[in-house]
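Residue 307 is where the sequence shown starts when you use the working numbering, and the numbers rise one by one after that. Backbone N, C-alpha and C define an ideal beta-carbon position, used for all residues, glycine too.
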Amino acid sequence: DSIISHMAMNDEQRLNCGWRVTVDIGVDPSAESVLLLGSFTTIPQFWCLFNNLGDEHPLDRLPSVCNLRMFRQFIASKSAVMEHSFLGGSLELVLSHANGTSMNEKFIQLCLLTVCELLPPTSSTTNITAALQKYFTATDIPSIEFSAHSENNSARPKNNSSSSSSDAAVLTHSLSDARALQKRCTSMPSDLSSVEWSVLQRESDEYQRMMMAGDDSLEQCTSPALSALSCLSSGPPPGFGSQNSIVSNTSVTNKKLRL
């Protein structure tokens, strides 16, 4: 792994695969409503995107309630909203404000660990818990739950079993090397520069008003592949962003997301 990691760092910090990041509002959004925030294939590009999702604080340009999705480029953007059409399952993690770092900072670190291929495949809580313990304390992530998905109708690309890539070398990066590049990467990605943040915030506010009104269609939540939207009976609490949530005036000490 160390040799592979060194090779990757010498190749302009290239990642093992390309990634996309999108945002949408609400439960069961249509594929057409998903907004592309950016894509990246290297660690510097990752930081250019995530650094510019924040202004005064990490991720504070995002609406307080939204679905932020990060997925490998071999998954079509329109398929990414359909979490349960993928093989395997989801891990629901609860992040806290513990230990002097915000939930958003912990969220970004989880994304970074993922693109650096430092987390094992999602198949149970056992292997992922052991991996996360290297980077987080028990108070950082107080809860982890795994839920299996159906193996039917997978949205993943079809591969022949005889040509499986499971034995292929995986490009990895150490967290410290990846972190060291953060402050150097400040240029605004072209996709992100065209985002109308005020429109996105209005859509989020309207969704929260519908939640407050008790819209039956929003009562049952199905979390996305990577989301800051918690499915609580009182509606989603404040997640990203710098503005207070309309749904809840109480302070939030935990945030749920799915991997």
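Return the CA-CA distance between residue i and residue j, expressed in angstroms with no decimal places.
i, j, result
"E318", "V501", "27 Å"
"L481", "G520", "43 Å"
"S441", "I381", "The sequence shown places Tyr at residue 441, not Ser. Looking at the two C-alpha atoms, the distance is approximately 27 Å."
"R503", "L359", "For the sequence presented, residue 503 should be read as Trp rather than Arg. If I take the Cα positions, the gap works out to 10 Å."
"R378", "S345", "9 Å"
"A486", "H479", "11 Å"
"I450", "N433", "11 Å"
"S339", "T407", "32 Å"
"E509", "A475", "43 Å"
"S370", "C354", "21 Å"
"D483", "I349", "10 Å"
"V329", "R490", "25 Å"
"A454", "Y513", "28 Å"
"D334", "R515", "17 Å"
"S499", "G324", "20 Å"
"A444", "M376", "24 Å"
"R367", "L416", "19 Å"
"M517", "L477", "43 Å"
"R320", "H403", "31 Å"
"D511", "V505", "10 Å"
"S493", "T431", "37 Å"
"S336", "P495", "25 Å"
"V452", "P427", "The sequence shown places Phe at residue 452, rather than the Val named in the question. Going from the Cα of F452 to the Cα of P427 covers about 12 Å."
"C537", "Q488", "Note that C537 has pLDDT 35, beneath the 50 cutoff, so the model's placement of it is unreliable and the number below is only indicative. Approximately 32 Å, taken between the alpha carbons."
"K464", "T347", "Interpretation of K464 is limited by its pLDDT of 49, a score under 50 that renders its predicted location unreliable; the figure taken from the coordinates is listed afterwards. K464 and T347: Cα-Cα distance of roughly 22 Å."
"L374", "D446", "20 Å"
"Q439", "H363", "26 Å"
"P448", "D497", "35 Å"
Buried or exposed, going by whether 16 or more other CB atoms sit within 10 Å of the CB of residue i?
i, result
"L535", "Reliability of the predicted coordinates at L535 is poor, the pLDDT of 34 falling under 50, and no value is obtained from them."
"Q507", "buried"
"D361", "exposed"
"S396", "buried"
Going by DSSP, which residues form a beta bridge with residue i?
i, result
"T348", "R320"
"D361", "According to DSSP, which records beta bridges pairwise, D361 is partnered with nothing at all."
"F377", "R326"
"L342", "T328"
If you measure between the beta carbons of residue i and residue j, is that distance less than 7 Å?
i, j, result
"N322", "E398", "no"
"V327", "L341", "no"
"L365", "N410", "yes"
"I331", "C372", "yes"
"A436", "L425", "no"
"K412", "L419", "no"
"V421", "F352", "yes"
So with Cβ pairs under 7 Å, would you call residue i a contact of chain C?
i, result
"V400", "The chain labelled as chain C is not found in the depicted structure, where only one protein chain is given."
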